[in-house]
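J.: Top to bottom, those sequences are chains S and U. Numbering of the first sequence is given in the working numbering, commencing with residue 124 and proceeding in unit increments. Numbering of the second sequence is given in the working numbering, commencing with residue 124 and proceeding in unit increments.
2 protein chains.
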Amino acid sequence: MDDAAAIHTLTARKVPAKTLNVPTTVSPQLQRSISNLASAPRLAMERMPRTTDEWRAFVAVADAQAASLAPILAAMFPHTMNVMQIAGVKVREITPASLDPAKSGKVLINLHGGGYLLNGGDASTGEAVLGAHYSGMKVISVDYRMAPDHPYPAAVNDALAVWRAVTADRDPASVGVFGTSAGGGLTLALTLKLKSLGLPLPGALALGTPWVDLTGASDSYAVNAEVDGIFSSFDSIGRSMAALYAGSAGVTDPLVSPIFGDFAGFPPTILTTGTRDILLSDTVRAYRSMRASGVEARLEVHEAMSHAEYIYAYDSPESAVAFGDVAAFFDKHLAG
Amino acid sequence: MDDAAAIHTLTARKVPAKTLNVPTTVSPQLQRSISNLASAPRLAMERMPRTTDEWRAFVAVADAQAASLAPILAAMFPHTMNVMQIAGVKVREITPASLDPAKSGKVLINLHGGGYLLNGGDASTGEAVLGAHYSGMKVISVDYRMAPDHPYPAAVNDALAVWRAVTADRDPASVGVFGTSAGGGLTLALTLKLKSLGLPLPGALALGTPWVDLTGASDSYAVNAEVDGIFSSFDSIGRSMAALYAGSAGVTDPLVSPIFGDFAGFPPTILTTGTRDILLSDTVRAYRSMRASGVEARLEVHEAMSHAEYIYAYDSPESAVAFGDVAAFFDKHLAG
Chain S
124 MDDAAAIHTL TARKVPAKTL NVPTTVSPQL QRSISNLASA PRLAMERMPR TTDEWRAFVA
184 VADAQAASLA PILAAMFPHT MNVMQIAGVK VREITPASLD PAKSGKVLIN LHGGGYLLNG
244 GDASTGEAVL GAHYSGMKVI SVDYRMAPDH PYPAAVNDAL AVWRAVTADR DPASVGVFGT
304 SAGGGLTLAL TLKLKSLGLP LPGALALGTP WVDLTGASDS YAVNAEVDGI FSSFDSIGRS
364 MAALYAGSAG VTDPLVSPIF GDFAGFPPTI LTTGTRDILL SDTVRAYRSM RASGVEARLE
424 VHEAMSHAEY IYAYDSPESA VAFGDVAAFF DKHLAG
Chain U
124 MDDAAAIHTL TARKVPAKTL NVPTTVSPQL QRSISNLASA PRLAMERMPR TTDEWRAFVA
184 VADAQAASLA PILAAMFPHT MNVMQIAGVK VREITPASLD PAKSGKVLIN LHGGGYLLNG
244 GDASTGEAVL GAHYSGMKVI SVDYRMAPDH PYPAAVNDAL AVWRAVTADR DPASVGVFGT
304 SAGGGLTLAL TLKLKSLGLP LPGALALGTP WVDLTGASDS YAVNAEVDGI FSSFDSIGRS
364 MAALYAGSAG VTDPLVSPIF GDFAGFPPTI LTTGTRDILL SDTVRAYRSM RASGVEARLE
424 VHEAMSHAEY IYAYDSPESA VAFGDVAAFF DKHLAG
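Take a look at the structure:
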């Protein structure tokens, strides 16, 4: 690294205001999702929670809305769900109607998204249900502890405890771990933790638009601010969530922001994002870091998709392609 | 496809003006490139060429600037260059100092970019020189005829004539074709043409931020307008170039806009783009169409890169990674 950046003044780029029409280059279902996101009420800056009690209230409202999706998903993607505990951690074991006996030796662990604050309890299973349906595999969805009451390292410890229990009587190479957003970051943090402990790693990982840089440095935090219809601005809420989660460890800890970790020796990994995704850069940077470390990695990008929209536009063919790619990747790379 | 999009009014998204700082997440060399692009004089809308003579003058100025890069690249990436004709088409045969005898059975054809108007003659070899250097293979750079004097199908016919001659005494599977922007689109058009003629296809393709939709429908034409520092606006110049090139065939002809073509049976293909690229969506859509057709395709995205910036930021480690990925892909997939 030379000192060019330090000794020259760098010029910022001015981008004018613009109007983004719903593109004709995606399916009608995804067009409708994009349109709905544009017309949905936005989180007003002044309404952003400030105190712990305000955060709890904010989370309760958001989670109730997310949980209301569960019966819709259950109708479209039939499954049974067992709420249980593994190693003292709340989990939901999801068995899809599409369960494929030929894949019964493989199992998936899902770490849900939500910025380490949202999507607990009944709101935790959206991605897990879709993942189970498209893979034909059983999914253990981890309802890990979250901020503000349980900052880092509670989530990593919960994921680790479930991992240890699931792999106690099973080949770790037959277990895949997947997650979106904070769940993608947590998937990487868990794998970094396993590596540091000298434990066997999962057989494969799937990272959906993973939140890997909680410092906010990624270029797409600026470029796709207000372009993304789901996670519209890092500065309005992401930075607060990052601070609440990181706690005393700070946002540069590699188990909080895995982009600062060393991915050498990681298992095959598939990463998914969209062109409107505010975490497009987080995903791309994680992919490039993995490739630079010699990891077998695959990058999937979807036209005009916002952050995690493959979950919320669950009726779109693009969602089926995204989950289908993940399912095929696990099927290929997991032992068993 | 249901009629949901037709019967509902779709809501556009408003994005406020923003300032994009040079990101800290890329190398100092790429930071400098991004900064230089932000401070460079912009093409003023009112200065856009209107008449054929104005276009010729515009092209002459731009090509002289592009050609001035050649001696710099020659110093950094030593090679010999033979200006010659193949099947009546002007080409430049580039033999890199890095030529690898172990790869002497493989050869590459490069179709340069420039919107089917720019980068003719001495300006045509930037990407070819980099491709030759990083691959250790000989590259035949095609100086195909261009608009406004020679609209479609002149470029396709020139590429086809060179292809036929090069493969007359050589296994087509040992020949790779690569190109950026219009050169990426032309690579696809050539391969579609070969397929329609029932001729053998190249062993592998490399598409750098390929221009595949000359209708302007891709979402990133809007999202990354003025974000991209190299191809800043489709509406200011891209649409005019598209019309001049397409001529009477029109921009929806699959050999003009290959996104409307059928990629089934295509050879293994690597596609490269960046998060600030105005053709991010063109690249992603081409990749998804290939995957949907069962083509073995690989997508590479680079943090904060604008359109084709891996060529112009030739001194950056990111450029080396981009060309290194292409070289490894050709090495793996080409016969010989």
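Note that CB positions come from ideal geometry on N, CA and C, so glycine has one too.
Taking Cβ positions, are I263/U and V289/U nearer each other than 8 Å?
T.: Contact flag set, yes.
J.: Please decide whether D176/U counts as near chain S, where near means a Cβ-Cβ distance under 8 Å.
T.: no
J.: Within the continuous beta strand (DSSP E) that includes S264/U, where are the two ends?
T.: It spans K261 to V265 - the beta strand (DSSP E) in which S264/U sits, taken as one unbroken run.
J.: Excluding the 5 residues preceding and the 5 following F354/U in the sequence, name in chain order all residues of the same chain whose CB lies nearer than 6 Å to its CB.
T.: Around F354/U: I401 and H430.
J.: Check the DSSP bridge columns for T218/S and list the partner residues they point to.
T.: T203/S
J.: Given a cut-off of 8 Å on the beta-carbon distance, is the pair T395/S and A327/S in contact?
T.: no
J.: Quick one: does S162/U have its CB under 8 Å from some CB of chain S?
T.: yes
J.: Can you tell me whether H256/U is helix, strand or coil according to DSSP?
T.: For H256/U, the three-state secondary structure derived from DSSP is helix.
J.: In this structure, how does DSSP classify H425/U when only helix, strand and coil are distinguished?
T.: Of the three classes helix, strand and coil, the one that applies to H425/U here is strand, per DSSP.
J.: Could you tell me which residues DSSP pairs with R136/S in its beta bridges?
T.: L143/U
J.: Counting Cβ pairs, one atom from each stretch, are 3 or more of them under 8 Å apart for the segment 326 to 341 of chain U and the segment 375 to 382 of chain U?
T.: yes
J.: DSSP three-state call for A193/S: helix, strand or coil?
T.: helix
J.: Assign K229/U to one of three DSSP states: helix, strand, or coil.
T.: coil
J.: How would you call A255/S, buried or exposed, if buried means at least 16 neighbouring beta carbons within 10 angstroms?
T.: buried
J.: Secondary structure at I353/S, three-state DSSP: helix, strand or coil?
T.: coil
J.: Find out if the Cβ-Cβ distance for the pair R204/U, I217/U is shorter than 8 Å.
T.: According to the sequence shown, residue 204/U is Met rather than Arg. The answer is yes: Cβ separation under 8 Å.
J.: Relative to the C-alpha of P271/S, which residue among T174/S, P323/S and G244/S is closest?
T.: Selection T174/S, P323/S and G244/S evaluated against P271/S yields T174/S as nearest (Cα-Cα).
J.: Cβ of V137/S within 8 Å of Cβ of A345/U?
T.: Per the sequence shown, residue 137/S should be read as Lys rather than Val. Contact: no.
J.: In the segment 323 to 376 of chain S, which residue ranges form an unbroken alpha helix (DSSP H) of at least 4 residues, counting only runs that do not cross its ends?
T.: 342 to 346 and 362 to 369
J.: According to DSSP, is V504/S part of a helix, a strand, or is it coil?
T.: The structure shown does not extend to residue 504/S, since chain S spans only 124 to 459, so no value can be given for it.
J.: Determine the chain U residues that contact S442/S at a beta-carbon separation under 8 Å, and present them in chain order.
T.: Neighbours of S442/S on chain U: none; closest Cβ ~13 Å, over 8 Å.
J.: Are there 16 or more other CB atoms within 10 angstroms of the CB of L458/U, so buried, or fewer, so exposed?
T.: Per the sequence shown, residue 458/U should be read as Ala rather than Leu. Under this definition A458/U is an exposed residue.
J.: Counting only the same chain and skipping the five closest in sequence on each side, list residues whose C-beta sits under 8 Å from that of S297/S.
T.: G228, K229, V230, G326, L457, A458 and G459
J.: Would G237/U pass as a contact of A312/U if the rule is Cβ separation under 8 Å?
T.: In terms of Cβ geometry, G237/U and A312/U do not form a close pair [threshold 8 Å].
J.: At the level of alpha carbons, what is the spacing between G417/S and A210/U?
T.: 43 Å
J.: Would you verify that the beta carbon of A420/U is, or is not, closer than 8 Å to some beta carbon of chain S?
T.: no
J.: Name the two residues that bound the continuous alpha helix (DSSP H) containing F446/S.
T.: Element bounds for F446/S: P440 to H456.
J.: What would DSSP say about G299/S, mapped onto helix, strand or coil?
T.: strand
J.: Per DSSP, which residues does Q154/U bridge with? Please list them.
T.: Q154/U pairs with nothing; no bridge assigned.
J.: Among residues of its own chain, excluding the 5 on either side of A180/S, which ones have a beta-carbon nearer than 8 Å to its beta-carbon?
T.: P172
J.: Straight-line CA distance for K318/U to F389/U?
T.: F389/U has its alpha-carbon roughly 8 Å from the corresponding atom of K318/U.
J.: Starting from L394/U, follow its DSSP beta bridges and name the residues at the other end.
T.: L330/U and L422/U
J.: Would you list the one or two residues that DSSP bridges to Q208/S?
T.: K213/S
J.: From what residue to what residue does the alpha helix (DSSP H) around G459/U run?
T.: Here G459/U belongs to no alpha helix (DSSP H), and DSSP marks it neither H nor E.
J.: For the segment 370 to 400 of chain S, which residues have a beta carbon sitting closer than 8 Å to at least one beta carbon of chain U?
T.: T398 and R399
J.: At the 8 Å Cβ level, is L424/U part of the contact set with chain S, yes or no?
T.: Looking at the sequence provided, one finds Val at residue 424/U rather than Leu. Yes, because at least one Cβ of chain S sits closer than 8 Å to the Cβ of V424/U.
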